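Undergrad: Below: one structure in C-alpha cells.
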Amino acid sequence: MHKTISRNLLLPSLIGLLYSPAIFISPTVFAADNAISLDEMVVTANRIPQSRESVLGDVTVIDQEEIERQGAGSITDLLRLQPGVEISSNGGAGKTSSIYLRGTNADHIVVLLDGLRINSATSGTTAFENIPLSQIEKIEILRGPASSLYGADAIGGVIHIFTKRGGDTPPKLSAAVGVGSYGSKRMDLGISGGWSDTRYGINVSSLDTQSFSAQNITDITKTIDRDNDPYRNFTISSYLEHTFVPGHSLGVQFFQSKGRSYFDGSNFNNYGDQTQQRYAISSHNQFTSFWLSTLRIGNGMDDSTSFSKPSKSTTGYSRFKTSQFQYSWQNDFTLPVGTLTVAYDRLEQYVNSTTKYTLRERENNGYLASYLANVDQHTFQASVRVDDNSQYGTHVTGGVGYGYHFTPEWRAGFNFGSAFKAPTFNQLYFPNFGNANLQPEQSNNVDVNLRYENAKLRAGVTFFDNHVDNLIAYAPNPVNINKAEIMGATFDGEWHPLERWTVRGNFTIQSPEDAKTGNLLARRGSEHGTFSLLHEWGKFTLGAEVNGSSLRYNDPANKFNMAGYVLTNLTADFRITPEWKLEARANNIFDKNYVLATTKGDFSPNGPDYNTAGTNVFVSLRYQMK
664 MHKTISRNLL
674 LPSLIGLLYS
684 PAIFISPTVF
694 AADNAISLDE
704 MVVTANRIPQ
714 SRESVLGDVT
724 VIDQEEIERQ
734 GAGSITDLLR
744 LQPGVEISSN
754 GGAGKTSSIY
764 LRGTNADHIV
774 VLLDGLRINS
784 ATSGTTAFEN
794 IPLSQIEKIE
804 ILRGPASSLY
814 GADAIGGVIH
824 IFTKRGGDTP
834 PKLSAAVGVG
844 SYGSKRMDLG
854 ISGGWSDTRY
864 GINVSSLDTQ
874 SFSAQNITDI
884 TKTIDRDNDP
894 YRNFTISSYL
904 EHTFVPGHSL
914 GVQFFQSKGR
924 SYFDGSNFNN
934 YGDQTQQRYA
944 ISSHNQFTSF
954 WLSTLRIGNG
964 MDDSTSFSKP
974 SKSTTGYSRF
984 KTSQFQYSWQ
994 NDFTLPVGTL
1004 TVAYDRLEQY
1014 VNSTTKYTLR
1024 ERENNGYLAS
1034 YLANVDQHTF
1044 QASVRVDDNS
1054 QYGTHVTGGV
1064 GYGYHFTPEW
1074 RAGFNFGSAF
1084 KAPTFNQLYF
1094 PNFGNANLQP
1104 EQSNNVDVNL
1114 RYENAKLRAG
1124 VTFFDNHVDN
1134 LIAYAPNPVN
1144 INKAEIMGAT
1154 FDGEWHPLER
1164 WTVRGNFTIQ
1174 SPEDAKTGNL
1184 LARRGSEHGT
1194 FSLLHEWGKF
1204 TLGAEVNGSS
1214 LRYNDPANKF
1224 NMAGYVLTNL
1234 TADFRITPEW
1244 KLEARANNIF
1254 DKNYVLATTK
1264 GDFSPNGPDY
1274 NTAGTNVFVS
1284 LRYQMK
C-alpha cells in the first residue's frame, strides 16, 4: 500500500540539488542575457493576457527560444522535463504517448492548439506524437482544475500550444536540417512577416526515422513483427491576419499533420496513418476602450486508419474519424477595478468509423463568467461555468483564488476549483463495450503556493490536494465505481548564480492513489523531477540535464511494476554567425535501459515491454534571417 509517499526510491542525484536553497528548478534552458523576464505574458491561466507575476495558478511557459535550445526530438520529450508532468510511450517516434499532469489521468487534460481543443472525441487523449516542435512558438502549461474556464476534462489542467505566427517585420526566412541516430532526418522551412496592416506566416516540416522496434519481443514463435518500426510525418501550418482599422482585425489559421507509424502486432508490416487538421477564423474587435470582443469559429478533424493485414479488404483494416466544430464568443470588460470576462463556447462532436458506435454525435454549450483584479498587493480571481451537454446534461463548475505580495519579490497564493471529465465516445458507445449510463467524473482541488522572484532567482513550491469521484474503471466494461486521492508538492525554479550560468530544475513528490485500495494509479510514480545546468562560453552554449522517476505500476492492483530510472542528456550549440547556428543533443548518454510503458497485466503477465531509446544523438543546422 502507498498511504504515505515512499521516499526510499528518491533519486539521490536530484534530492541533494533540489533541497539546496537556490534551486526548485525548471528543466528548460534559458536565454542568453542571464536575467529572468519579469514581464512575461500568460493567456491560458484566465483566458486573457496577464503578466506572469500576477498569475495565481501554477503555470509554466516554454517559449520558442527555449524550445530551440532544448533540441528535444518531440513535444513529449520536451513536456516530460516540465514540473508535474509524467509520460508513457508505446515505443519510439510516432507511437502513442500519454501525458499525466499532477498525477491525474491522461484524459484529465484539456489540450488546446491556438485556442481550439484537440483532444480526441473517441479516446479523450491527444496525439502529441504528431505535433512537431518546429511548428510551435510557445507552450503554456496550467496545472490544476480549469473546468470553470475550459469546460469538461480539465481535472489535471490545460496544455495550450501556440503555433508560429507572423510579425510586423519584412519577410523573414527560417530553415533547419538535421540528422541523427536511428536513421532520423528532419527538415523545416518557414517564412513570416508583415506588410502594412497584414501579418502572415507559413511553416512546413518533415521527419523521417527508422526508429526501433516498438516492443521488446521475446516470442520464439516469431508471430510478432520484430523489425524496426519507422515513422514519417509531414506538417504544414499557416496564419494570416489583417487589421482593417485600429482595434479591429480578422485572422485565419490552418494546421495539418500527416503521419505514418509502423507498429508490432503480427508478421505483417502493420502501420497506421493519422491526419490531424485544424482551421479557424477569428475576429478581434475593440468596440470601446473597455470592451474587447473575440469571436472564433473553428473545426478540427482527426482521421486515424490502421492496417494489420495485407489489404484493407480484410478484417485488419480499421478507421476512426472524428470532427469537432467549435464556436467561441468571448467578451472582456475592463472595469474600474479588474476585468470581467463573459463567454459562450459551443462544441459539436461527430464520429465516423468502421466501428458501429451506437451514437455518433453530441453537442455541448458552455456559458462562463470570470473576474480578475489586482488591487495594491492583492490579487483576486473567480470563475463559474455552466455546461449543458446532450449526453450527460448540465454540469456547473467554479473556481476562486487569492494572492498576496508580502514584498515585491515574495508572494503567497491559494486556489480552489471544481472540475469534471466527460465520458468519451469509446466509454459510452463502443459496440459491446460502452456504457451509455456513465456519468462525468468529478473533482475538487485545493492548492497553496509560495513564490520568490527577482532578476536572478525564481523559486516556488505548490502543495496540491485533488479528490476525484465517479472515476471510470473497467470491470470489464466502464462503470463509475472508483475514487482517487492525489496529494503532493511541486518545487520549481531557475537561478543565475554567475554571469552566463543558468541552473534549473523541478521536483514533484506525490501520492496518486486509488482511494479504496491505497494503490498507486497506473503508470504514475511517487517522485519525479529534472535538473539542468547551462553555461554560455563565447559562441558556445553547453548544457546538461538529469531526468528521472521512481517506480511505477502498470495495473490497478500494483502487481506489475516498471522500475525507476535516471537519464542524463547533453546539449550544445555553436553560433556560427548571427543568422546561422549549429545544434547538437545527446540523449541517455549512459545508455540506461528503462521502461515507460508495458503490456504486462493479469491477462498477459509475461507480455512485452515497450522499448525506449538507448544512447542517441541528433545534430542540426539552423538559419534564421535577421
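Residue numbers (my numbering): 664 to 1289. Glycine residues also receive a C-beta, built at the ideal position from the N, C-alpha and C atoms. Model, not experiment: these values are computed from the prediction.
1. Span of the alpha helix (DSSP H) holding residue 1090?
2. Have a look at residue 878 and residue 1275 and give me their C-alpha separation to the nearest angstrom.
3. Since residue 729 and residue 715 should fall inside the 8 Å C-beta cutoff, what is the C-beta to C-beta distance between them, to a whole number of angstroms?
4. Looking at residue 759: is its Cβ nearer than 8 Å to the Cβ of residue 792?
5. Counting only runs of 4+ residues fully inside the segment 892-927, write out the alpha helix (DSSP H) ranges in chain order.
6. Indicate the three-state DSSP secondary structure (helix, strand or coil) for residue 837 in the structure shown.
7. By the DSSP assignment, the beta strand (DSSP E) with residue 1155 in it spans what residues?
8. Check this for me: beta carbons of residue 779 and residue 1032, under 8 Å apart or not?
9. At what residues does the beta strand (DSSP E) containing residue 1074 begin and finish?
10. Can at least three beta-carbon pairs, one atom from the segment 1066-1085 and one from the segment 716-735, be found at a separation below 8 Å?
11. Kindly indicate which three-state DSSP category residue 953 falls into: helix, strand or coil?
12. Tell me whether residue 1020 sits in a helix, a strand or coil according to DSSP, three-state version.
13. Please list the terminal residues of the continuous beta strand (DSSP E) segment that includes residue 851.
14. Span of the beta strand (DSSP E) holding residue 1197?
15. Leaving out five residues before and five after residue 1009 in sequence, what residues of the same chain have Cβ atoms less than 6 Å from its Cβ?
16. Do you know how far the Cα of residue 808 is from the Cα of residue 1044?
17. Going along the chain, which residues of its own chain have a beta-carbon closer than 7 Å to the beta-carbon of residue 813, five neighbours each way excluded?
18. Residues in its own chain within less than 6 Å of residue 1015 by CB, not counting five upstream and five downstream?
19. Kindly indicate which residue of 1184, 782, 1209, 710 has the alpha-carbon position closest to the one of residue 1255.
20. DSSP puts residue 1186 in a beta bridge; with which residues?
21. Are residue 1238 and residue 1263 touching if we call contact CB-CB under 8 Å?
22. Specify the secondary structure class of residue 1105 as computed by DSSP and reduced to three states.
23. By Cβ distance below 6 Å, which residues in the same chain neighbour residue 1279 in space, the five residues on each side in sequence not counted?
24. Taking DSSP as the reference, what is the three-state secondary structure of residue 728?
25. I'd like to know whether the C-beta atoms of residue 949 and residue 920 end up nearer to each other than 8 Å.
26. Between residue 1285 and residue 734, what straight-line distance do the alpha-carbon atoms span, to the nearest angstrom?
27. Beta-carbon separation of residue 711 and residue 1004 under 8 Å?
28. Verify whether the separation of the beta carbon atoms of residue 1246 and residue 1289 is less than 8 Å.
29. Hey, how far is the Cα of residue 1049 from the Cα of residue 713?
30. Do the CB positions of residue 900 and residue 839 come within less than 8 Å of each other?
31. Buried or exposed, going by whether 16 or more other CB atoms sit within 10 Å of the CB of residue 1095?
32. Is the beta carbon of residue 862 less than 8 Å from the beta carbon of residue 910?
33. Could you spell out the range, first to last residue, of the beta strand (DSSP E) harbouring residue 786?
34. Rounded to the nearest angstrom, how far is the Cβ of residue 1135 from that of residue 1143, given a contact under 8 Å?
35. Beta carbon of residue 1157, beta carbon of residue 1121: below 8 Å?
36. CB residue 1259 to CB residue 811, shorter than 8 Å?
TA: A quick look at the data gives this:
1. 1088-1092
2. 9 Å
3. With a Cβ gap of about 14 Å, residue 729 and residue 715 do not count as contacting.
4. Taking 8 Å as the cut-off, the Cβ atoms of residue 759 and residue 792 count as close.
5. none
6. strand
7. 1141-1158
8. no
9. 1073-1084
10. They touch, by the three-pair rule.
11. Coil.
12. coil
13. 847-858
14. 1190-1200
15. 990, 1028
16. 14 Å
17. 773, 821
18. 984
19. 1209
20. BP columns for residue 1186 are empty, so no partner.
21. no
22. Residue state, collapsed to three classes: strand.
23. 844, 1250
24. helix
25. Contact: no.
26. For residue 1285 and residue 734, the distance between alpha carbons rounds to 11 Å.
27. Contact: yes.
28. no
29. 24 Å
30. no
31. Within 10 angstroms of the beta-carbon of residue 1095 lie fewer than 16 other beta-carbons, which makes it exposed.
32. Between residue 862 and residue 910, the gap from beta carbon to beta carbon reaches 8 Å or more.
33. Per DSSP, residue 786 belongs to no beta strand (DSSP E) and is neither H nor E.
34. 6 Å
35. yes
36. no
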